[in-house]
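Engineer: My questions will all concern the structure given below.
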Amino acid sequence: TQAAIIPHFFAQNDDPVYEASTDLIKHCGDDNDLLTIKEIKLNPDPPRAGEKLTVDFKGTLKEDVSDGTTIEVTVKYGVVQLIKKKFDFCDEASKIDEECPIKKGELNITKDVDLPKEIRKLFIIGRYSVHAVIVTPDEKQVTCLDGRMSFPRHR
Numbered sequence: 001t002q003a004a005i006i007p008h009f010f011a012q013n014d015d016p017v018y019e020a021s022t023d024l025i026k027h028c029g030d031d032n033d034l035l036t037i038k039e040i041k042l043n044p045d046p047p048r049a050g051e052k053l054t055v056d057f058k059g060t061l062k063e064d065v066s067d068g069t070t071i072e073v074t075v076k077y078g079v080v081q082l083i084k085k086k087f088d089f090c091d092e093a094s095k096i097d098e099e100c101p102i103k104k105g106e107l108n109i110t111k112d113v114d115l116p117k118e119i120r121k122l123f124i125i126g127r128y129s130v131h132a133v134i135v136t137p138d139e140k141q142v143t144c145l146d147g148r149m150s151f152p153r154h155r
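Here full-length UniProt numbering is used: the first residue of the sequence shown is 1, the next is one more, and so on.
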């Protein structure tokens, strides 16, 4: 169900020279994570402001993920921390039509997101990074993801 978070990592503009999403999202967990991510596919790749983004996610859960699981998200502008906030995982999962507990086994999730054209105007020009960690109530790490995005000057 990470796909619920992933669209928030991206907000490209109309510049054609951008890295693919595989360069923008990195797994920061380890082999003990409850979620093994097999594939995250974005279309278009990279995502573009003003277009529909389709996220295809495939992975395997080693254990059920239950109520009380949290997502902690940290957003930085350069080295300056802008946001550090915890979200309820099950609330976020419900936004993509998943319900807790999410049973162990194979996950195949597809989600469409409309990225507003005005998204560039919401951010200061520069580089941003996003760090997201999902943890169960008994402190087991589900996964960890690092993402980055840039907003260049308007032409």
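We put the CB at the ideal spot given by N, CA and C, even for glycine.
Can you check the segment 88-129 for any beta strand (DSSP E) of at least 3 residues that lies completely inside it and give the ranges in chain order?
Structural biologist: DSSP runs (the beta strand (DSSP E)) wholly in the segment 88-129: 105-114.
Engineer: Could you spell out where the beta strand (DSSP E) holding E39 opens and where it closes?
Structural biologist: On the sequence shown, position 39 is the one that residue 39 refers to. E39 -> beta strand (DSSP E) spans L35 to N43.
Engineer: Determine the closest residue to F123 out of S150, I71 and K85, with distance taken between C-alpha atoms.
Structural biologist: For the purposes of this step, residue 123 is identified with residue 123 of the sequence shown, where counting begins at 1. Selected option, being the one with the closest Cα: S150.
Engineer: In this structure, what does DSSP give as the bridge partners for R148?
Structural biologist: Along the sequence shown, one-based indexing puts residue 148 at 148. Paired residues: S129.
Engineer: Report buried or exposed for I40, applying the criterion of at least 16 other Cβ atoms within 10 angstroms of its Cβ.
Structural biologist: By 1-based counting over the sequence shown, the position of residue 40 is 40. Flag for I40 reads buried.
Engineer: Are L42 and L35 touching if we call contact CB-CB under 9 Å?
Structural biologist: One-based indexing of the sequence shown puts residue 42 at position 42. One-based indexing of the sequence shown puts residue 35 at position 35. Not in contact: L42 and L35 (Cβ atoms no closer than 9 Å).
Engineer: Report the rounded CA-to-CA distance for D33 versus K95, giving the unit in angstroms.
Structural biologist: Locating residue 33 in the sequence shown gives position 33, counting from the first residue. Locating residue 95 in the sequence shown gives position 95, counting from the first residue. The alpha-carbon atoms of D33 and K95 are separated by roughly 23 Å.
Engineer: Taking only the alpha-carbon atoms, compute the straight-line gap between T136 and K62 and give it to the nearest angstrom.
Structural biologist: What you label residue 136 is simply residue 136 of the sequence shown in a count that begins at 1. What you label residue 62 is simply residue 62 of the sequence shown in a count that begins at 1. Taking the straight line joining both Cα atoms gives about 13 Å.
Engineer: Determine contact between the segment 59-76 and the segment 97-110, defined as no fewer than three beta-carbon pairs at a distance below 8 Å.
Structural biologist: Yes: the two stretches touch, three or more of their Cβ pairs being nearer than 8 Å.
Engineer: For the beta strand (DSSP E) containing D31, list its first residue and its last residue.
Structural biologist: If you number the sequence shown from 1, residue 31 lands on position 31. Counting along the chain, D31 falls outside any beta strand (DSSP E), and DSSP gives it neither H nor E.
Engineer: Is the beta carbon of T143 sitting closer than 9 Å to the one on D56?
Structural biologist: As a working note, residue 143 is residue 143 in the sequence shown. As a working note, residue 56 is residue 56 in the sequence shown. In this structure, D56 does not lie closer than 9 Å to T143 by Cβ.
Engineer: Could you tell me if E92 is buried or exposed, where buried requires 16 or more neighbouring beta carbons within 10 angstroms of its beta carbon?
Structural biologist: Mapped onto the sequence shown, residue 92 falls at position 92. With 16 or more other Cβ atoms within 10 Å, it is buried.
Engineer: Determine, using beta carbons only, whether L107 and T70 come nearer to each other than 9 Å.
Structural biologist: For the purposes of this step, residue 107 is identified with residue 107 of the sequence shown, where counting begins at 1. For the purposes of this step, residue 70 is identified with residue 70 of the sequence shown, where counting begins at 1. No, Cβ-Cβ distance for L107 and T70 is not below 9 Å.
Engineer: Could you check which residue in K140, A132, A49 and E139 has the C-alpha nearest to that of C28?
Structural biologist: Counted from its first residue, the sequence shown places residue 28 at position 28. Of the listed residues, the one whose Cα sits closest to C28 is A132.
Engineer: Let's test the definition: count the other Cβ atoms within 10 Å of the Cβ of G147 and tell me whether it reaches 16, buried, or not, exposed.
Structural biologist: Working through the sequence shown from its first residue, we reach residue 147 at position 147. Buried.
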